[in-house]
Amino acid sequence: MNSSTATADRTGSPAERLASLGLTLPPPPPPIANFVTHVREGNLIYLSGQGPREADGFMHTGKVGNGGVNVADAYGHARLTGINLLAVLQDALGDLARVRRVVKLLGMVNAEPDFEDHPSVINGCSDLFIEVFADAGHHARSAVGFGSLPGNITVEIEAIIALHG
Amino acid sequence: MNSSTATADRTGSPAERLASLGLTLPPPPPPIANFVTHVREGNLIYLSGQGPREADGFMHTGKVGNGGVNVADAYGHARLTGINLLAVLQDALGDLARVRRVVKLLGMVNAEPDFEDHPSVINGCSDLFIEVFADAGHHARSAVGFGSLPGNITVEIEAIIALHG
Amino acid sequence: MNSSTATADRTGSPAERLASLGLTLPPPPPPIANFVTHVREGNLIYLSGQGPREADGFMHTGKVGNGGVNVADAYGHARLTGINLLAVLQDALGDLARVRRVVKLLGMVNAEPDFEDHPSVINGCSDLFIEVFADAGHHARSAVGFGSLPGNITVEIEAIIALHG
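Chain order of the listed sequences is A, B and C.
158 is the number that the numbering used here gives to position 155 of the first sequence; each next residue is one higher, with no gaps.
147 is the number that the numbering used here gives to position 144 of the second sequence; each next residue is one higher, with no gaps.
81 is the number that the numbering used here gives to position 78 of the third sequence; each next residue is one higher, with no gaps.
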């Protein structure tokens with residue numbers, strides 16, 4: 004393992020892979036309205052939509068495409084959103100090794116009407132989950148454009164996660 | 004219990020809480036196309052998207068934000084949408100006491116592109132479910148902006164509900 | 004059975020119904036980014052969003068409504084999208100007879116902001132599933148308008164499918 008490559012150790016635990024990526028999970032973002040961040044139902048956890056919230060609370064905002072937020076920046080916001088989803092999971096489970104499979108993502112891009120590259124944006128989250136969970140991180144998903152998002156955030160992602168029994 | 008306060012009795016059954024809120028459920032809205040209002044799969048019920056349909060069939064329409072429909076009105080529409088979701092559940096289950104947990108909502112707001120307060124709108128439904136189901140009403144959700152909705156309705160909400168075994 | 008009527012034989016197997024409709028499934032479309040086309044979790048399969056991709060790879064593009072793509076054409080695109088979802092299922096299961104129930108669709112229309120007839124568009128997929136799976140094809144769904152879709156495709160649909168145990 005050579006953490007200086009910033010490539011996750013795919014043979015270690017999710018916590019070890021996070022460390023090898025140089026990532027530290029923040030506290031889980033608090034819900035911004037009358038809902039909870041997750042519900043466990045059987046062996047599934049349904050994660051509420053999270054956004055590109057920095058650890059200090061700063062939210063990345065703006066429309067993606069057409070002179071607004073570019074794809075590279077939005078990719079980073081999707082990765083940050085993934086980190087926040089992991090923070091909720093970590094808080095809920097205590098150990099990310101309890102994750103058996105990332106089942107499904109809905110990747111929501113706050114996009115200009117003529118934007119066409121939503122998949123490249125949401126890859127920011129998908130790539131992270133595969134780095135952290137290896138094969139268990141491969142998921143079904145849709146990555147699509149919304150007309151508006153809360154607080155004009157650039158990206159929001161919700162997820163369904165399967166747990167070990 | 005004092006129904007004049009319009010505060011649900013959180014110790015009673017869902018039916019008693021509805022009564023204490025002064026709410027009567029309408030017949031379930033008929034599907035407007037080739038689908039069904041709900042599918043039960045194991046202990047989950049998947050509810051098709053419902054809208055702000057009054058008992059007489061009138062639908063509330065318009066874009067939310069920017070001089071269009073305001074947040075207070077749209078909150079009411081989300082609450083009405085929640086009543087219609089409950090009507091489908093009541094029809095499907097016979098007794099809302101069979102609900103074990105509201106698992107997940109997708110709250111869809113027909114919003115202007117610069118609208119930012121989707122959570123306050125969808126709280127209309129979330130607040131209702133917590134009033135009716137108490138702790139079992141707390142759910143995961145995303146509340147986001149769509150470019151358009153069927154018939155130009157202001158709000159549409161779909162849900163996943165867990166049942167007692 | 005009279006396949007010349009283009010009406011599916013509702014008493015046969017899904018494969019026989021496809022044949023009676025004159026439909027041949029293409030190879031499953033490859034994922035266009037870092038995700039997989041489906042994840043099985045228990046008796047459910049979560050299908051990633053598919054689009055109106057012809058067998059030769061051509062994608063139907065444009066906004067639906069207001070002088071753009073009309074409803075009849077978009078209905079056809081939703082049907083084609085359904086064929087692609089079936090192609091993924093066929094590839095995953097080997098035999099569509101393993102499908103116990105189409106549980107839920109999310110029908111995403113790349114629509115102009117004033118478009119109102121999303122249900123008629125997504126019926127293209129819903130009608131196909133009922134033709135192929137008969138009663139097991141009836142599903143819960145939402146059919147709504149997105150501000151933009153990948154590659155400016157007209158329609159995208161994701162699905163949850165229940166399998167025989």
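Note that beta-carbon positions come from the ideal geometry of N, C-alpha and C, so glycine has one too.
Quantities reported herein were computed from a predicted structural model and do not represent experimental measurements.
{"Asked": "Member of Ile-160/B, Asn-126/B, Ala-139/B whose CA lies at the smallest distance from the CA of Thr-84/B", "Found": "Ile-160/B"}
{"Asked": "8 Å Cβ cutoff met for Ala-81/A and Ile-133/A", "Found": "no"}
{"Asked": "N-terminal and C-terminal residue of the alpha helix (DSSP H) that Phe-132/A is part of", "Found": "121-136"}
{"Asked": "Distance, Arg-101/A Cα to Asp-138/C Cα", "Found": "38 Å"}
{"Asked": "Asn-87/A burial status per 10 Å Cβ neighbour count (16 or more: buried)", "Found": "buried"}
{"Asked": "Buried or exposed (CB count within 10 angstroms, at least 16 for buried), His-167/B", "Found": "exposed"}
{"Asked": "CB contact below 8 Å: Thr-8/B versus chain A", "Found": "With a pLDDT of only 39 at Thr-8/B, under the threshold of 50, the placement of this residue in the model should not be trusted, and no figure is reported."}
{"Asked": "For Arg-20/A, the first and last residue of its enclosing alpha helix (DSSP H)", "Found": "17-23"}
{"Asked": "Cβ-Cβ distance between Ile-163/C and Ala-95/C below 8 Å", "Found": "no"}
{"Asked": "8 Å Cβ cutoff, Asn-46/C in contact with chain A", "Found": "no"}
{"Asked": "Interface partners of Asp-130/C on chain B, CB under 7 Å", "Found": "Asn-37"}
{"Asked": "Where Ile-86/B sits in the DSSP three-state scheme", "Found": "helix"}
{"Asked": "Environment of Pro-30/B [buried if 16+ CB atoms lie within 10 Å]", "Found": "exposed"}
{"Asked": "Separation of Ser-123/A from Phe-38/C, as counted between CA atoms", "Found": "11 Å"}
{"Asked": "Enclosing beta strand (DSSP E) for Leu-47/B [first to last residue]", "Found": "47-53"}
{"Asked": "C-beta neighbour in chain B for Ile-160/C, strict 8 Å", "Found": "no"}
{"Asked": "Limits of the beta strand (DSSP E) - the one that Ala-139/B falls within", "Found": "It is not in any beta strand (DSSP E) - Ala-139/B carries neither H nor E in the DSSP assignment."}
{"Asked": "Cutoff 8 Å; reference Asp-120/C; Cβ partners in own chain excluding five residues on either side", "Found": "Gly-68, Val-74"}
{"Asked": "is_contact[Val-102/A, chain C] using C-beta, thresh 8 Å", "Found": "no"}
{"Asked": "Anticipated Cβ contact below 8 Å, Val-106/A with Glu-44/C, distance rounded", "Found": "5 Å"}
{"Asked": "Contact under 8 Å by Cβ, Ser-129/A with Ala-36/C", "Found": "yes"}
{"Asked": "Residue nearest to Leu-21/B in terms of C-alpha spacing, selected from Leu-108/B, Glu-115/B, Phe-136/B", "Found": "Phe-136/B"}
{"Asked": "Per DSSP, cross-strand counterpart(s) of Arg-101/C", "Found": "Paired residues: none, contrary to the question."}
{"Asked": "Short CB-CB distance (under 8 Å) between Leu-166/B and chain C", "Found": "no"}
{"Asked": "Identity of the residue in Gly-65/C, Ser-23/C, Asp-59/C nearest Gly-154/C by Cα", "Found": "Gly-65/C"}
{"Asked": "Of the residues Thr-14/B, Thr-27/B, Val-112/B, the one placed nearest Gln-93/B, counting alpha carbons only", "Found": "Thr-27/B"}
{"Asked": "Presumed contact (8 Å Cβ cut-off) between Tyr-78/C and Gly-127/C, rounded CB distance", "Found": "4 Å"}
{"Asked": "First and last residue of the uninterrupted beta strand (DSSP E) at Glu-161/C", "Found": "158-166"}
{"Asked": "Ala-165/C versus Asn-46/B: straight-line alpha-carbon distance, rounded", "Found": "13 Å"}
{"Asked": "First and last residue of the uninterrupted beta strand (DSSP E) at His-63/A", "Found": "First-last for His-63/A: undefined, no H or E at that position."}
{"Asked": "Where the region 134-161 of chain C meets chain A: residues whose CB sits under 7 Å from a CB there", "Found": "Phe-149, Gly-150, Ser-151, Leu-152, Pro-153, Gly-154, Asn-155, Glu-159, Glu-161"}
{"Asked": "Reference Gly-60/A, options Pro-34/A, Leu-50/A, Ala-18/A, closest by Cα", "Found": "Pro-34/A"}
{"Asked": "Local Cβ density within 10 Å of Gly-148/A, reported as buried at 16 or more and exposed below that", "Found": "buried"}
{"Asked": "Cβ-Cβ distance between His-142/C and Val-42/B below 8 Å", "Found": "yes"}
{"Asked": "Residue from Asp-98/A, Pro-32/A, Ala-114/A whose Cα sits closest to the Cα of Gly-52/A", "Found": "Pro-32/A"}
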